[in-house]
C-alpha cells in the first residue's frame, strides 16, 4: 500500500509512525524541531489520515507498508521510531528486516499483549469507535457540537482532541471521518495483539541502538514487559520521560528530542 507521508529537514533518514486514531499531523511540530539533524518522514498509517483504506489492519500489513514507503523514498538504511500502535508496527518491521535499520525508538508501548480482561485503554478504544460508528456525523454542524456529544463518553480533553483531528469537511460543508473506523473496529483484537507472533521463532534483534521511551505517568510498559523486551532486544535501553503520560512527545518534547539525538551519537 502506498502511504501518504510528509517530509521535513535534512540529514540521515528517520521515519516516525503515529499511534491509533492519530496521523502524521501529530508529529509535525516535533519533526520540525529535529529537522536540522534528520530527514524526517511522517506517514499516515493505513486506514488513517490521508492514506488508503483497507479491510486489513495488522502489524504484518503495516510493516509491509513501511517497507514499500522506504523503497519508494529511495531509502537504504534508516532510523525508525513509532508511538503506541506505530511502535508495535516498528517492532514488527525490525523483526522482519533488521538489516535496514540504523536505530530504533519505541515510544511508550510494550511489544506484548497484556493478558486478562480488556483494560481501560482497550475499553476507551472501543468507546471511540462506537461513537464514530453510531453518530450521524453528516448532520452535525460544528466541531464544538461533535466535542459536546463526545464529552458524554470521553472525559479526557486530550483524547477528544485526537479524535476530532479525524474530522474533515466535505464539499457540501458536512463532516465525515478520515479514519476507517469500521476496519479498526473489526481488527481491534489484532491491534491489541503482540507485535510479533510467538509462533514466528523470533531470535535476538541486534546491530543498532534501541531505546524504549516510557512516560513517567504511563503504565503501557510494565516491569515484566521490560524483562521480556530484553530477551528480544538485548541491547535495548529504557529511558523514562519525566512528567509525561502516554503522549510523551507532546508532554515533554525537549527530553524526547534529546533521546532522538542520542541515536546519532552512538549509531
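In the working numbering, the protein residues as written are 64 to 330. Positions of the beta carbon are idealized from the N, C-alpha and C atoms, including for glycine.
Item                                                                                                                                                                                                : Value
Starting from the C-beta of residue 192, find all residues in its chain whose C-beta is less than 8 Å away, skip the five residues before and the five after it, and write them out in chain order. : 244, 247, 248 and 251
Label residue 314 either buried or exposed according to how many other C-beta atoms from any shown protein chain fall within 10 Å of its C-beta, with 16 as the threshold for buried.               : buried
Hey, quick one: how far does the beta strand (DSSP E) through residue 278 stretch, first residue to last?                                                                                           : 273–278
Going by beta-carbon coordinates alone, are residue 276 and residue 294 separated by less than 7 Å?                                                                                                 : no
Starting from residue 258 and walking both ways along the alpha helix (DSSP H), at which residues does that stretch end?                                                                            : First-last for residue 258: undefined, no H or E at that position.
I need the DSSP call for residue 105, collapsed to helix, strand or coil.                                                                                                                           : strand
Would residue 212 and residue 238 qualify as a contact pair, given that the criterion is a beta-carbon distance under 7 Å?                                                                          : no
Answer with buried or exposed for residue 167, where buried requires no fewer than 16 other C-beta atoms within 10 angstroms of its C-beta.                                                         : buried
Per DSSP, what are the beta-bridge partners of residue 285 in this structure?                                                                                                                       : Answer is none; residue 285 lacks a bridge partner.
Indicate the three-state DSSP secondary structure (helix, strand or coil) for residue 180 in the structure shown.                                                                                   : Caution is warranted here: a pLDDT of 42 is assigned to residue 180, below 50, making its placement in the model unreliable, and no coordinate value can be reported.
Cutting at 6 Å between CB atoms, please list the residues of its own chain near residue 77, excluding the five before and the five after it.                                                        : 101, 103 and 142
Cβ atoms of residue 158 and residue 164: under 7 Å apart, would you say?                                                                                                                            : no
So which of 72, 73, 68 and 75 has the shortest CA-CA distance to residue 81?                                                                                                                        : 68
If you drop the 5 nearest sequence neighbours on each side, which residues of the same chain put their C-beta closer than 8 Å to that of residue 194?                                               : 212, 213, 216, 217 and 226
With C-beta atoms as the reference, is residue 258 less than 7 Å away from residue 155?                                                                                                             : yes
For the region 114–191, which segments carrying the beta strand (DSSP E) assignment without a break, of at least 3 residues, lie completely within its bounds, in sequence order?                   : 141–146 and 164–170
Measuring straight from C-alpha to C-alpha, what distance separates residue 266 and residue 202?                                                                                                    : 52 Å
Distance, Cα to Cα, residue 149 vs residue 105?                                                                                                                                                     : 11 Å
Is residue 152 closer than 7 Å to residue 122 when the C-beta atoms are compared?                                                                                                                   : yes
Please name the residue in 172, 228 and 161 whose C-alpha comes closest to that of residue 86.                                                                                                      : 228
Residue 188 to residue 132, Cα distance in whole Å?                                                                                                                                                 : 27 Å
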